[in-house]
Structures are given as C-alpha cells and as structure tokens.
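Engineer: Chains A and B supply the protein sequences, listed in that same order.
Its first residue numbered 1, the first sequence is counted upward by one per residue in the numbering used here.
Its first residue numbered 1001, the second sequence is counted upward by one per residue in the numbering used here.
The structure under discussion is supplied below as structure tokens; questions concerning it will follow.
Number of protein chains: 2
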Amino acid sequence: MATLKDVARLASVDVSTVSRALNGTSYVHPDTKARIMKAVEELSYRPNVLAQGLRKGKRHTIAIIVPTLHLTIFDDLAQEIEAAARARGYSSLLCHTMDDPKNERECLRRLRSGFVDGMIIAATGKNTHLLRDIHADGIAMIQIVRRQDHTISSVVGDYERGSYETVNYLYRKGCRAIGLINGPMLKAPYKARYNGYRRAAADLGLEEICTREDQRDGVTNSFEYGYSCTEELLDLHPDLDAIMAAVDIQGMAALKALRDRGISVPEQMRVVSLTGYSIGNYLETTMTSQELPSRQMAEKAVEMLIEEIEAKPDKKPGIQNLIFSSSLMERESG
Amino acid sequence: MATLKDVARLASVDVSTVSRALNGTSYVHPDTKARIMKAVEELSYRPNVLAQGLRKGKRHTIAIIVPTLHLTIFDDLAQEIEAAARARGYSSLLCHTMDDPKNERECLRRLRSGFVDGMIIAATGKNTHLLRDIHADGIAMIQIVRRQDHTISSVVGDYERGSYETVNYLYRKGCRAIGLINGPMLKAPYKARYNGYRRAAADLGLEEICTREDQRDGVTNSFEYGYSCTEELLDLHPDLDAIMAAVDIQGMAALKALRDRGISVPEQMRVVSLTGYSIGNYLETTMTSQELPSRQMAEKAVEMLIEEIEAKPDKKPGIQNLIFSSSLMERESG
DNA sequence: CTGAAAGCGCTTACAG
DNA sequence: CTGAAAGCGCTTACAG
C-alpha cells in the first residue's frame, strides 16, 4: 500500500502539502494539487484510517451491542443502525452478548480500548457500573430498547402503553381471559409490559393470568420458553381466549402450540405479540403485533450518538430519553 | 485515558519496559513488573488498539460482508463467524450489501483502507475485479456460500448435491410433479441448485417445472417473490405435488400461499427448502429443509482467514476450496 | 501557498 | 534486565 510519503515523493512536495490537498484543510496551488492528484491516482493511494484515527483521536466507528439477532427486533434495529451510521460516514461493529452478562463484559472491555468512538447498546442489565465507567472515559453511549441507567441517554419503546392498549384491543374483540407470556422483570421492557397489562386488567376488571415462569431469569426470549408457557396457560386456564406474548418468537411458539392442540386461531384463541418485527407478515397465520418504528428509532439513536461524539468536549449534549410508541398491526392471529 | 507514558512515569521506568512487561516480550524483573502492574491497576490503563495496530500493521479485526441478515442462512453464519473470530481474539465488523453491487462496492472501498486485516464475503457477483485488487493489496479474503472467483479461497455448500438429493427424496415420497422456485442463475448457488434439480429430473424421467421468474435478476430472496412464484406454479401445473424452494423465505411464502388456497401440506403438496436455517423449526407447519452446518462452515472460514492473515508474507497459504454437504432435516412440510 | 517539525500511543531492534 | 531512539502513517500548529 502506498503511503502519504510515496505520494509526496512522486509529486515532489512535502507530505504536509499532500495532506492539505487531500483534506482541503487549506488552500493549495491548483498546479500542485493537480500533480498530487495525479500521483494519488497513479499509486492508487488511500489514507490509512488507523493513522488518521490515532492522530485525530477519532475512529469514525461505532459499536452496536445487542443480545441476539435471531428473530427479534434487534435484527431490524441492527440493520437500520448500521445503515444510518454508514449514511453519516461511520462504520459499525456488531456484537451479540447472547444476553449473558459475562459476554457483555468481555465485549465492553475490548471495545473500550480505543476501538470505537461510541456505542449503542441494548444491555443485559448487569453491567451498569462498567457502562458508566466507559461513558465517563469519553466514549459516547446511547441505550436502545432497554433503559437501565438514567445517566445515559436512551431511545426506547413505550412498552407499558403498548401492553395496556393491547389488552384493551383484545377486550373490545370480546376476550375476557387474557394470558400474558413475559420474561424476567429485572429487565425494564418486561417490567413495563407487565405493568401495562396489570393496569389494563385492573381497569377492565379482568383476572391477571401470567405464567409462573415469568419470574425466572433465563432465556425467555426463545421458542421453547414460549411453547411451554402456552401449554401451562392452556392447562391452568381452560377458559383462556387470548394470549399476549412479549416477543415474536414466543408468539410463534404459541401459534405452534395451539395448532398442535387443535385450537384454532383467531376463532378460539387470539394471539398478539407485543414486540413485533418484520416476521409477523411471513407466517402461515400472520401475527397481529405491536410494532415499534425501528427505522426511526435507529436513526434517532445514531443521530444522538454522533452528536455526542462530535460535540466539543466543553459542551456535551445533555441526557435525552426518547420514547417511541408502537402501533398495533392487525393481522390474522388477533 | 491513561497511556503507556503515564504508567511508565508512575512506575518510574521507561515506556519500553512497561510495554515488555505487559506483552511478555522479554524478561522483566519481578519487582519492576509488580510496580508496573500496580501502576496499570491504579490508572486502569488499557492499551490503545489503534496505536498497537498502526505499529504492528495489524488490526485484529475482520469484516463480514453479507447480502442481508433477515431470515437467511447469513443470519446464522454471521453470528457464528463473529463468535469464532472473537474466540480467536478478533473483532468483526458486519456489513450488509442488500445484494446491491453498488452498496458492495462502497463497502469494500471503505474497508480496504486499513480497516480490517481480512474479510469473509458472500458477494453479489459483480465486483470480482475489486475483490481481487483488495486481495492483492494484502488483505486476506475468504468467500463464503457464494464462490465467484477461483483465485480466492472459499467455503461453500454443495447445493448441486443438496438439490439433487431433495428431488430424489421427494420422488421416494411419491411426488412426480416437482416444481422449483429458484433465483438468478448468475449467482453460483442458484445455478448449482438448478443443475442438481435438472440432473435428478433427467435421471428420474421427470418433467422440469421451473418458474419463469427465475431468470429475472432482482430480489428473489424475498417473501413476495416466493409467494408469486408459488401462485405461478399452481396456476400452470394443476398436477403439482411438491415445491422445492431455494431459500427459507421462499418456502415460508409457499406455505402461506398454499394455506391461502386451501391446499394442505404435506398431504396435497410437499414443501422443502434447499437452504434451511434455524427458522424451519419455529413455523406453524415446520419446514423440511436441507441444512448446511453453519457453525462448522463459519469456524472453517475464520480459521482459514486468520491463517492467511497471520502467515508470513513469504509463505501465504494456497487457495483452498471447502465444500460442505447439507443434510435433509425432515419436518412436517415434506 | 508550502516546508520542517512535533506528536498521536505504541513496539522493537540496538546498546549496555 | 532496562533505557534511548526510531518509526508505524498521518495531521497540524508554526514559520516563512
């Protein structure tokens, strides 16, 4: 690979002049510039981003840290974030933690050593201290979907409201025994979904029907979990007429479990996912779901992050918390 | 952030000694080492990877370039590659091209300027020249799933055989009118799938039933495409008793189209996907599919890539082409 | 308008 | 066993 020095030599100027010509940092005589450009062309020179980064203290790279990509809203989100970042001249580095705090810690440790200028994270809920340290180190940070620390800006969905409205929607459809498949309450989104559900149930005078497993802290974001929860609900509540699933994969599991038991959807049982992403459309029984505007959320998160990265050290932007509402997409299942 | 210099000052030694102590490059007196470690601890020093990279000419970062992540084997693959790379101390940078050669070109251009030590790519088929240039520049490269250039090592699936065997499997199940939903032939995998299909049809004396749209070069890797192809097949071939779909999303679309027409699966129509990934298990009608061992493929690709990256310049490893066979996972749809 | 010099944070021969 | 020096490839005051 050709370096600045090679170009300088070929164009018979100093490296600093080449640098200025390339970056437009200051005026360079047209003739000189032409010679330089010719040399650049000839050597097919391209600047070494490492050296630039070292010199300028910026990497133009961000990290996206998500629990998983499989069949979750994080799939959409990661794709949108990457696109939005690229549109602004930033590369992104993707990491999945599998929702395991240990993986997350390891990943954060690597990242903090100058790998990236900032990160967008949907955290596991356990490494709050480390997140703050990294943020304090001067690495920009935005929480997405999961808000676990109030000292760091966030872009999240209004799960409480989505959940509340879904219960009301099902009630209007005639449902009176609505079960909730959720996840560990220590993660904010699950907690919020439960709160919305509870408030609606209270308002409407409905019984709260939750699976016992919800309290468990494990991989609730899975087909198997959704399937077993559905079975539990059906066994314990013969009168059940609707199932609300926290995430799509649980909803898919519910659809499968119901079919396996010969229960028809939506006639005998309505199924709604509280965190839909694009897959809802592609199922045999298309799934009604609350959908978050993932593109807008991604764009906002990237915008906020880059703003923080590029702000002068003396006037960093304050903490911002953006909340997006989901919209109910009516499909066959509910 | 503390730097080497800070540590050196605090430990009253030279930066070079700190460097050696930290990297174990040469023996350092235990007392000195202890002092250094204490300083490191105190300042919570972590080396700047940028500077290390610049100095050593290595980034310990690879790029993963795939067409898309949504509902395709690339989802599994990207996740496995990232994990395999991380296990070997490499970070990965993920890019999607949306199968658009322009996006691909732009992405490759950014990447080549010192961003990464190597890349694993499932290319669009159009930028062969650029790929070779980058490879010639000394950036390690492995093609995955799609082999488009014979001068670059590859790890691919044996689509020809998978396709051939699927026809035979369906034949044994009693199917005699087997339709194929495929994609643009200029991409090697589609071509191979067609070849296997054709060979089997010839061997068994079956009529070839392909959709006209297969010749089209567009987004064939989509639900909409699969749906319309299924409709076309049904309209033109009333006797059809099986559908082979090149990829899962097409298979999902077929399942949906069949249900919409009231055709039962697998009784009246069998459906098999030729490139299954984990989703086949999670559908209402679970989908029979040929599945590639994505973890092994990812591991092999990473291994080969890192070998190439870390090889001495004088003895780079030769070109390797690994072919993995898929296995048929029998599920409800076929 | 352009050159010479310093420096970003590290590593690695070279001495001793 | 450790220090002093050079250099990875760039950018940016500082002169002129």
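All residues carry an ideal CB built from backbone N, CA and C; glycine is no exception.
Here the structure is a predicted model, which is why all the values come from computation and not from measurement.
Excluding the 5 residues preceding and the 5 following residue 1107/B in the sequence, name in chain order all residues of the same chain whose CB lies nearer than 7 Å to its CB.
Structural biologist: Against the second sequence, residue 1107/B aligns to sequence position 107. Excluding sequence neighbours, residue 1107/B sits near 1065, 1095, 1097.
Engineer: Tell me, please, whether the CB atom of residue 1075/B is closer than 8 Å to any CB atom in chain A?
Structural biologist: Residue mapping note: residue 1075/B aligns to position 75 of the second sequence, counting from 1. It does: the Cβ of residue 1075/B has a partner Cβ on chain A nearer than 8 Å.
Engineer: What does residue 1282/B reach in chain A if we use C-beta pairs closer than 9 Å?
Structural biologist: Along the second sequence, one-based indexing puts residue 1282/B at 282. The answer, in chain order, is 71, 223, 249, 252, 253, 256.
Engineer: Are the C-beta atoms of residue 51/A and some chain B residue less than 8 Å apart?
Structural biologist: Within the first sequence, residue 51/A is the residue found at index 51, counting from 1. Closer than 8 Å to some Cβ of chain B, the Cβ of residue 51/A qualifies, so yes.
Engineer: Could you check if residue 235/A is buried or exposed, using at least 16 other CB atoms within 10 Å of its CB as the buried criterion?
Structural biologist: Numbered from its first residue, the first sequence carries residue 235/A at position 235. Exposed, because fewer than 16 other Cβ atoms sit within 10 Å of the Cβ of residue 235/A.
Engineer: Kindly give me the distance between the Cβ atoms of residue 326/A and residue 284/A, rounded to whole angstroms, as I take these residues to be in contact under 8 Å.
Structural biologist: In the first sequence, the residue the question calls residue 326/A occupies position 326. In the first sequence, the residue the question calls residue 284/A occupies position 284. That pair is no contact at about 23 Å.
Engineer: Hey, would you say residue 1247/B sits closer than 8 Å to residue 1334/B, going by beta carbons?
Structural biologist: The count along the second sequence starts at 1 and reaches residue 1247/B at position 247. The count along the second sequence starts at 1 and reaches residue 1334/B at position 334. Not a contact, by the Cβ cut-off of 8 Å.
Engineer: So which residues of chain A does residue 1285/B contact, with C-beta pairs closer than 7 Å?
Structural biologist: Position 285 of the second sequence, counted from the start, is the residue given in the question as residue 1285/B. The answer, in chain order, is 284.
Engineer: Closest Cβ-Cβ distance between residue 1115/B and chain A: below 8 Å?
Structural biologist: To locate residue 1115/B, count along the second sequence from 1; it is residue 115. Closer than 8 Å: yes.
Engineer: Is the Cβ-Cβ distance between residue 231/A and residue 202/A less than 8 Å?
Structural biologist: Within the first sequence, residue 231/A is the residue found at index 231, counting from 1. Within the first sequence, residue 202/A is the residue found at index 202, counting from 1. Their beta carbons are not under 8 Å apart, which means residue 231/A does not touch residue 202/A by this criterion.
Engineer: Taking only beta carbons into account, state which residues of the segment 87-103 of chain A come closer than 8 Å to chain B, listed in chain order.
Structural biologist: Going along the segment 87-103 of chain A in chain order, one finds 91, 92, 93, 94, 95, 96 with a Cβ nearer than 8 Å to chain B.
Engineer: Using only the alpha-carbon positions, how far apart do residue 1053/B and residue 1088/B sit?
Structural biologist: Locating residue 1053/B in the second sequence gives position 53, where the first residue counts as 1. Locating residue 1088/B in the second sequence gives position 88, where the first residue counts as 1. Cα-Cα distance, rounded: 16 Å.
Engineer: In angstroms, rounded to a whole number, what distance separates the CA positions of residue 1002/B and residue 109/A?
Structural biologist: By one-based count along the second sequence, residue 1002/B stands at place 2. By one-based count along the first sequence, residue 109/A stands at place 109. Rounded to the nearest angstrom, the two C-alpha atoms are 15 Å apart.
Engineer: Count the other CB atoms within 10 Å of the CB of residue 1250/B; is the residue buried (16 or more) or exposed (fewer)?
Structural biologist: What you label residue 1250/B is simply residue 250 of the second sequence in a count that begins at 1. Classification for residue 1250/B: buried.
Engineer: What residues in the segment 1132-1145 of chain B bring their beta carbon closer than 9 Å to a beta carbon of chain A?
Structural biologist: So the close ones are 1133, 1137, 1138.
Engineer: Residues of chain A with CB under 7 Å from residue 1079/B, in chain order?
Structural biologist: Counting from 1 along the second sequence, the entry for residue 1079/B is found at position 79. Going along chain A in sequence order, the residues near residue 1079/B (Cβ under 7 Å) are 69, 96.
Engineer: Among the candidates 1279/B, 1253/B, 1243/B, 1289/B, whose CA atom is the shortest distance from the CA of residue 1269/B?
Structural biologist: As a working mapping, residue 1269/B is identified with position 269 in the second sequence. Nearest option by C-alpha distance: 1243/B.
Engineer: Hey, residue 193/A and residue 222/A: beta-carbon distance below 8 Å or not?
Structural biologist: Translated into the one-based positions of the first sequence, residue 193/A becomes position 193. Translated into the one-based positions of the first sequence, residue 222/A becomes position 222. The answer is no: Cβ separation not under 8 Å.
Engineer: Using a Cβ-Cβ cutoff of less than 7 Å, which residues in the same chain neighbour residue 300/A once the five nearest sequence positions on both sides are dropped?
Structural biologist: Here residue 300/A corresponds to residue number 300 of the first sequence, with the count starting at 1. So the list reads 155, 322, once near-sequence residues are dropped.
Engineer: If the cut is a Cβ gap below 8 Å, which residues of chain B does residue 82/A touch?
Structural biologist: Counting from one through the first sequence, the residue named residue 82/A turns up at place 82. Neighbours of residue 82/A on chain B, chain order: 1094, 1095, 1096.
Engineer: Roughly how many angstroms lie between the CA atoms of residue 178/A and residue 317/A, to the nearest whole one?
Structural biologist: Within the first sequence, the letter at position 178 stands for residue 178/A. Within the first sequence, the letter at position 317 stands for residue 317/A. If I take the Cα positions, the gap works out to 43 Å.
Engineer: Buried or exposed, going by whether 16 or more other CB atoms sit within 10 Å of the CB of residue 76/A?
Structural biologist: Here residue 76/A is taken as the residue at index 76 of the first sequence, counted from 1. So residue 76/A counts as buried.
Engineer: Output needed for residue 1188/B: all residues of its chain with C-beta closer than 7 Å, excluding positions within five of it in sequence on either side, in chain order.
Structural biologist: As a first step, residue 1188/B is located in the second sequence; it is residue number 188 there, counting from the start. Around residue 1188/B: 1146, 1147, 1148.
Engineer: Between which two residues does the alpha helix (DSSP H) harbouring residue 941/B extend?
Structural biologist: Since the first residue of chain B shown is 1001 and the last is 1334, residue 941/B is not available in this structure.
Engineer: Grab me the residues of residue 1144/B's own chain with a C-beta within less than 6 Å of its C-beta, minus the 5 sequence neighbours each way, in chain order.
Structural biologist: Counted from its first residue, the second sequence places residue 1144/B at position 144. Only 1120, 1122, 1155, 1301 meet the Cβ criterion.
Engineer: Distance cutoff 8 Å, beta carbons only. Does residue 105/A sit that close to anything in chain B?
Structural biologist: Here residue 105/A corresponds to residue number 105 of the first sequence, with the count starting at 1. It does not: the Cβ of residue 105/A has no partner Cβ on chain B nearer than 8 Å.
Engineer: Can you list, in chain order, the stretches of the beta strand (DSSP E) that have 3 or more residues and sit fully within the segment 126-168 of chain A?
Structural biologist: Here the runs fully enclosed are 140-144, 154-157.
Engineer: Comparing C-alpha positions only, which one of 191/A, 324/A, 274/A sits nearest to residue 295/A?
Structural biologist: By one-based count along the first sequence, residue 295/A stands at place 295. Here the closest residue by C-alpha is 324/A.
Engineer: Would you mind reading off the limits of the beta strand (DSSP E) that contains residue 1063/B?
Structural biologist: As a working note, residue 1063/B is residue 63 in the second sequence. First-last of the beta strand (DSSP E) with residue 1063/B: 1061-1066.
Engineer: Quick check: the Cα distance between residue 142/A and residue 68/A, rounded to an integer number of angstroms?
Structural biologist: For the purposes of this step, residue 142/A is identified with residue 142 of the first sequence, where counting begins at 1. For the purposes of this step, residue 68/A is identified with residue 68 of the first sequence, where counting begins at 1. Roughly 18 Å between the two C-alpha positions.
Engineer: Any idea what DSSP makes of residue 1240/B, helix, strand or coil?
Structural biologist: Along the second sequence, read from residue 1 onward, the residue named residue 1240/B stands at position 240. Coil, per DSSP.
Engineer: Distance check for residue 209/A and residue 195/A, CA to CA, integer angstroms please.
Structural biologist: In the first sequence, residue 195/A corresponds to position 195, counting from 1. In the first sequence, residue 209/A corresponds to position 209, counting from 1. About 13 Å.
Engineer: How long is the line joining the alpha carbons of residue 1057/B and residue 1112/B, rounded to whole angstroms?
Structural biologist: The residue given as residue 1057/B occupies position 57 in the second sequence. The residue given as residue 1112/B occupies position 112 in the second sequence. Residue 1057/B and residue 1112/B: Cα-Cα distance of roughly 14 Å.
Engineer: State the start and end residues of the unbroken alpha helix (DSSP H) segment that holds residue 1108/B.
Structural biologist: For the purposes of this step, residue 1108/B is taken as residue 108 along the second sequence, with counting starting at 1. Run containing residue 1108/B: 1101-1112, per the alpha helix (DSSP H) assignment.
Engineer: On a Cα-Cα basis, can you pick out the residue from 1060/B, 1136/B, 1125/B that is closest to residue 1117/B?
Structural biologist: By 1-based counting over the second sequence, the position of residue 1117/B is 117. Comparing Cα positions, the closest option is 1060/B.
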